[in-house]
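**Q** Can you keep this structure in mind? I'll have questions shortly.
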Amino acid sequence: MTVTDTELSVAPPPAPALTPASAIARAGAPRFDDLRALCASARSFGADGAANRLVPHVVLPALLGGAPPGVVTTALGEAGEDFDLDAVTCAFDGRTLTGRKPLVSGALESESALVAARTDDGVVLVLVRFDAAGVQRRPLRTLGRLGDADVRFDHAAVDVVVDAATVAARTERAFAVATLVQAAEGAGILHQLLEYSLAQGHERYAFGRPVGSFMAFQHMCAEIAMERELADTAVDRAAVAGTALATAQARLFVGGAAVRAARTGVQLQGGKGFLDDSPVARLYRQAKESQLRWGAPRLHQRRLAADLLEG
Amino acid sequence: MEQIRASMEWELTAEEASFRDEVSAWLEAELRQPYLAGLAERSATEFFGIEPEFSRRLGQAGYLGITTPRDHGGAGRSHVEQALLQNEIAYHRAPILGHFVAEREVLPALLRFGTDEQRARIVPDLLAGEILCAQGFTEPGTGSDLAAVATTATPVDGGFVISGTKWLNSVAQVARYLWVIARTDATSRHRGLSMFLIPIDAPGIRVEPLPEMTGIHRLNRIVFEDVEIDGECLVGDLNAGWTIAMDTVARERAGSARPGWMRRMLRELAAYVPPGGDAPLAQDPEAVPVLAELSAKVAACEALWHRYSWESDRGVHVPELAGTTLKVYADDVEADIADAGAELLGRLGVLDIDDAAPLGGRIARLHLAAPGFHLGGGTSEILKTVMATRGLGLAREGRNG
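Sequence lines, in order, name chains S and G. The end of the first sequence is residue 311 by this note's numbering, with every number in the run present. The end of the second sequence is residue 712 by this note's numbering, with every number in the run present.
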């Protein structure tokens, strides 16, 4: 057998830089009246490096209301689940906000945040400018590297922008759409992973053959392709059905599938996929971030299990 | 796979237990030393931290290369004792990557294949933790297919000239020697390779950092531009490099498992009380089966870890199949811990190393480090191929017979 000497000749699809929150905000409000179109757009956001930014910077401000001009983010839950408003402890006393949101998406990239706060009437949304007195941002390192921060409020002057009754009335739909968008972004991540994997299979050689000719490599690519097909289909059905159940099903499936495919995708790249500037490494980080943010697995697991009992 | 011997001893002797306790106490105190503050943040994982000072102190305490025979200046301890030591190191999350190649690959290779002169010159400093080494195996065009090595070592008067590029190797930033496989005969694939122990300050060697997914600088590219080295850098016979390299990677694999570290992660996950909650995860009905399944897998790894060391002490050949089982399986369990941990922590599971994060951010960091486990020291795929072909005797893919 001849010795192969393949220097890095692999030319994968162009690597998108991570799109910042400001660019997402400028892209404007997507069409929420056509969930299929919304999903197509979210899927491309997932593929072009904006995964995990559409929901906090666009979807939730638009659907919960109170979105100001400029770059805004959303800070809701404080514990293990972004959508958990029951556990909110940040308090609004009628004039100022006091408390802590330990993990706010894109806080360092945003001018202000819509923050869930507790009042005697229930949970309201207040608008906080990050440069206001009494607001402190501590930068956090996270899987997605989205400019997140641990934010503390000490009698920060704020305005209520969405009252408790409106929050209660709007959350169900806002959270369902946000869940769908997260799923669609995850499907976009799956599409990118398959592209990079196939490029590697054609262009990298080992033992004198393209690595794509090895059965182990082929099976791993086939698994990514299967999950991509299932993910696309599940997301489209959820977009058309529009039910909380179909949305939760799609989201739970895609979240896990993207994480699995990302692990496989890095493995197929070999050691260079583990390097920080590798586009597949970026997808690996975003896939896990996407699975855990804006509807973590346990939320959907409980919903789906409860449905089995009702059905 | 061979049967477990009926005489297999699972209980530790009093001496072994006392050695384990002594090591544990030493590590407990050492990990509190100020020089190790911030270890988690600056390491891919603490266990794979590169800390030359710790490596030195480990050597000074007599805890490096402890199975080295007494007539070579070592402690002549058993493999069971070495496994106990390494498992305590793992449980305490002490950093071992700095001395990993020096202790687990270069030291045994010199003892087995080196000359008396090489042993006299290098082994004492290896045991003292003064000499750290980096591996130079993988190349841009040579990963799983190690025999495709393109770096050349051309014989010249009194030595060799090395030319080529190695990459994705750790530790070169602090190493004194590079443990390099290079081509000495272009006409033979496997029998045209030789092993060299090359001083890193030889003119013409350039080390460039390659930041990895964890954001940490651990890996490097090492460029050799017509590097002239002495003939005494050759370890073992000319063109016998493949055999030595295979011995090296087998030790790398066997030594890279870390059941103690997994046990520690599971304990901390089980004890974690979510914000606003009043009970640890071990008492959360949704978490119980997840934690219990992982605990059983880790226990199986712990048992296998003990068995291999016990068998090594009795000269039982650990076959290809067994040698890779622990690495491949344990690497999967670690990824399982990262996945299960993330599901249990929810959104806070995205937090990287941070005192305020659940488990100090170690679940997210484990997720980022885990691909490296499946890639380093032989990818899981090539190891499974080794198991299936050399271990189980199945035919190789795409070849007749």
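Cβ coordinates follow ideal geometry from the N, Cα and C atoms, glycine included.
From the DSSP output, which residues share a beta bridge with S:Ala206?
**A** Locating residue 206 of chain S in the first sequence gives position 206, where the first residue counts as 1. S:Arg209, per the DSSP bridge assignment.
**Q** So which of G:His685, G:Arg316 and G:Pro669 has the shortest CA-CA distance to G:Ala641?
**A** For the purposes of this step, residue 641 of chain G is taken as the residue at position 330 of the second sequence. Nearest C-alpha to G:Ala641: G:His685.
**Q** Would you tell me roughly how many angstroms separate the C-alpha atoms of S:Ala184 and S:Leu252, rounded to the nearest one?
**A** Residue numbering aside, residue 184 of chain S sits at position 184 when the first sequence is read from its first letter. Residue numbering aside, residue 252 of chain S sits at position 252 when the first sequence is read from its first letter. In a straight line, the C-alpha of S:Ala184 is about 12 Å away from that of S:Leu252.
**Q** What is the DSSP secondary structure of S:Asp33, reduced to helix, strand or coil?
**A** Counted from its first residue, the first sequence places residue 33 of chain S at position 33. Correct three-state label for S:Asp33: coil.
**Q** Pick out whichever of S:Leu140, S:His202, S:Ala40 and S:Arg170 has its Cα sitting closest to the Cα of S:Val124.
**A** Reading the first sequence from its first residue, position 124 is the one you call residue 124 of chain S. Ranking the options by Cα distance to S:Val124, first place goes to S:Arg170.
**Q** For chain S, check one thing: does any of its Cβ atoms lie closer than 8 Å to the Cβ of G:Ser455?
**A** As a working mapping, residue 455 of chain G is identified with position 144 in the second sequence. Yes, G:Ser455 lies at the interface with chain S (some Cβ there is under 8 Å from its Cβ).
**Q** May I have the straight-line CA-CA distance separating G:Leu418 from G:Val697, to the nearest angstrom?
**A** Here the question's residue 418 of chain G lines up with position 107 in the second sequence. Here the question's residue 697 of chain G lines up with position 386 in the second sequence. For G:Leu418 and G:Val697, the distance between alpha carbons rounds to 25 Å.
**Q** Check for me: the alpha helix (DSSP H) holding S:His155 runs from which residue to which?
**A** Indexing the first sequence from 1 puts residue 155 of chain S at position 155. Element bounds for S:His155: not the alpha helix (DSSP H) but the beta strand (DSSP E), Ala149 to Ala157.
**Q** If we cut at 8 Å on Cβ distances, does G:Leu694 have a partner in chain S?
**A** The residue you call residue 694 of chain G lines up with position 383 of the second sequence. Judged by the 8 Å Cβ criterion, G:Leu694 is not in contact with chain S.
**Q** Comparing alpha-carbon positions, which option in G:Glu519, G:Trp621, G:Pro522 and G:Ser354 lies nearest G:Gly409?
**A** In the second sequence, counting from the first residue as 1, residue 409 of chain G sits at position 98. Of the listed residues, the one whose Cα sits closest to G:Gly409 is G:Ser354.
**Q** Is the CB-CB distance between S:Gly122 and S:Ala168 below 8 Å?
**A** What you label residue 122 of chain S is simply residue 122 of the first sequence in a count that begins at 1. What you label residue 168 of chain S is simply residue 168 of the first sequence in a count that begins at 1. Yes. Within cutoff.
**Q** With distance defined between alpha-carbon atoms, name the residue in G:Gln429, G:Ile442, G:Leu396 and G:Phe535 nearest to G:Ala461.
**A** Residue 461 of chain G sits at position 150 when you count from the first residue of the second sequence. Checked all of G:Gln429, G:Ile442, G:Leu396 and G:Phe535; the closest Cα to G:Ala461 is G:Phe535.
**Q** G:Tyr488 by DSSP, collapsed to three states: which one?
**A** Locating residue 488 of chain G in the second sequence gives position 177, where the first residue counts as 1. DSSP places G:Tyr488 in strand when its eight states are reduced to three.
**Q** Any C-beta of chain G sitting closer than 8 Å to the C-beta of S:Tyr284?
**A** Within the first sequence, numbered from 1, the residue matching residue 284 of chain S stands at position 284. Taking Cβ atoms only, chain G reaches closer than 8 Å to S:Tyr284, which makes this a yes.
**Q** Helix, strand or coil for G:Ile648? Go by DSSP, reduced to three states.
**A** The residue you call residue 648 of chain G lines up with position 337 of the second sequence. In this structure, G:Ile648 counts as helix in the three-state DSSP scheme.
**Q** Does S:Ala11 pass the burial test, meaning 16 or more other C-beta atoms within 10 Å, or should it be called exposed?
**A** By 1-based counting over the first sequence, the position of residue 11 of chain S is 11. In this prediction, S:Ala11 scores a pLDDT of 49, lower than 50, which makes its location untrustworthy; the coordinate-derived value is nonetheless stated afterwards. Exposed.
**Q** With H, G and I counted as helix, E and B as strand and the rest as coil, what does DSSP make of S:Arg53?
**A** Residue mapping note: residue 53 of chain S aligns to position 53 of the first sequence, counting from 1. In the structure shown, the three-state DSSP call for S:Arg53 is coil.
**Q** Starting from the C-beta of G:Ala581, find all residues in its chain whose C-beta is less than 7 Å away, skip the five residues before and the five after it, and write them out in chain order.
**A** For the purposes of this step, residue 581 of chain G is taken as the residue at position 270 of the second sequence. The answer, listed in chain order, is Pro591, Leu592, Ala593 and Leu602.
**Q** Rounding to the nearest angstrom, what Cα-Cα distance links S:Leu54 and S:Ile24 in this structure?
**A** For the purposes of this step, residue 54 of chain S is taken as residue 54 along the first sequence, with counting starting at 1. For the purposes of this step, residue 24 of chain S is taken as residue 24 along the first sequence, with counting starting at 1. Answer to the nearest angstrom: the Cα atoms are 7 Å apart.
**Q** Quick one: does G:Glu357 have its CB under 8 Å from some CB of chain S?
**A** What you label residue 357 of chain G is simply residue 46 of the second sequence in a count that begins at 1. Output row for G:Glu357: interface = no.
**Q** In chain order, what residues of the same chain have a beta carbon less than 7 Å from the beta carbon of S:Asp154, not counting five sequence neighbours either side?
**A** Walking along the first sequence from the start, residue 154 of chain S turns up at place 154. Once the five neighbours on either side are set aside, the close Cβ partners of S:Asp154 are Thr98 and Gly134.
**Q** Beta-carbon within less than 6 Å of G:His678's beta-carbon, same chain only, minus the 5 sequence neighbours each way: which residues are those?
**A** As a working mapping, residue 678 of chain G is identified with position 367 in the second sequence. Excluding residues within five positions, the ones whose Cβ falls inside 6 Å are Ala649.
**Q** Does the beta carbon of S:Glu78 sit closer than 8 Å to a beta carbon anywhere in chain G?
**A** As a working note, residue 78 of chain S is residue 78 in the first sequence. At least one chain G Cβ lies under 8 Å of S:Glu78.
**Q** Could you work out which residues of chain G lie near S:Phe207, taking near to mean beta carbons separated by less than 7 Å?
**A** In the first sequence, residue 207 of chain S corresponds to position 207, counting from 1. What S:Phe207 touches in chain G: Asp456.
**Q** Check whether the Cβ of S:Met1 lies closer than 8 Å to any Cβ atom in chain G.
**A** Locating residue 1 of chain S in the first sequence gives position 1, counting from the first residue. For S:Met1, the pLDDT reaches just 31, beneath the cut-off of 50, and the residue's location in the model is therefore unreliable, although a value from the coordinates is still provided. At least one chain G Cβ lies under 8 Å of S:Met1.
**Q** Report the partner residues of S:Ala116 according to the DSSP bridge assignment.
**A** By one-based count along the first sequence, residue 116 of chain S stands at place 116. Paired residue(s): S:Leu125.
**Q** With contact counted as at least three CB pairs below 8 Å, one residue from each stretch, are the stretch 189 to 209 of chain S and the stretch 258 to 276 of chain S in contact?
**A** The answer is yes - the stretch 258 to 276 of chain S touches the stretch 189 to 209 of chain S, with three or more Cβ pairs under 8 Å.
**Q** For S:Gly271, which residues in chain G fall below 7 Å Cβ to Cβ?
**A** Working through the first sequence from its first residue, we reach residue 271 of chain S at position 271. Per Cβ cutoff of 7 Å: Thr449, Gly454, Leu479 and Leu686.
**Q** Please state if the CB of G:Met524 and the CB of G:Pro682 are separated by a distance shorter than 8 Å.
**A** Residue numbering aside, residue 682 of chain G sits at position 371 when the second sequence is read from its first letter. Residue numbering aside, residue 524 of chain G sits at position 213 when the second sequence is read from its first letter. Yes, the pair counts as a contact, with Cβ atoms nearer than the cut-off.
**Q** So the candidates are S:Leu18, S:Arg141, S:Leu108 and S:Glu227; which of them puts its Cα closest to the Cα of S:Ala47?
**A** Taking the first sequence and counting its residues from 1, the one referred to as residue 47 of chain S is at position 47. For the residues S:Leu18, S:Arg141, S:Leu108 and S:Glu227, the minimum Cα distance to S:Ala47 belongs to S:Leu18.
**Q** Please report whether the beta-carbon of G:Thr495 lies at a distance below 8 Å from any beta-carbon of chain S.
**A** If you number the second sequence from 1, residue 495 of chain G lands on position 184. Not an interface residue.
**Q** What first and last residue would you give for the beta strand (DSSP E) that runs through G:Thr465?
**A** Stepping through the second sequence from its first residue, residue 465 of chain G is reached at position 154. Thr463 to Val467 is the span of the beta strand (DSSP E), which, as asked, contains G:Thr465.
**Q** Would you say S:Glu81 lies against chain G (beta-carbon separation less than 8 Å)?
**A** Along the first sequence, read from residue 1 onward, the residue named residue 81 of chain S stands at position 81. At least one chain G Cβ lies under 8 Å of S:Glu81.
**Q** Using a cut-off of 7 Å between C-beta atoms, extract the partners of S:Phe274 located in chain G.
**A** In the first sequence, the residue the question calls residue 274 of chain S occupies position 274. Correct list: Glu523, Met524, Pro682, Gly683 and Leu686.
**Q** Should the stretch 218 to 227 of chain S be regarded as contacting the stretch 323 to 336 of chain G, the criterion being three or more beta carbon pairs within less than 8 Å?
**A** Two segments are said to touch when three or more pairs of C-beta atoms, one from each, lie closer than 8 Å; by this definition the stretch 218 to 227 of chain S does not touch the stretch 323 to 336 of chain G.
**Q** Nearest CA to the CA of G:Ala405: which residue from G:Thr356, G:Gly452 and G:Pro451?
**A** Counted from its first residue, the second sequence places residue 405 of chain G at position 94. Closest by alpha carbon: G:Thr356.
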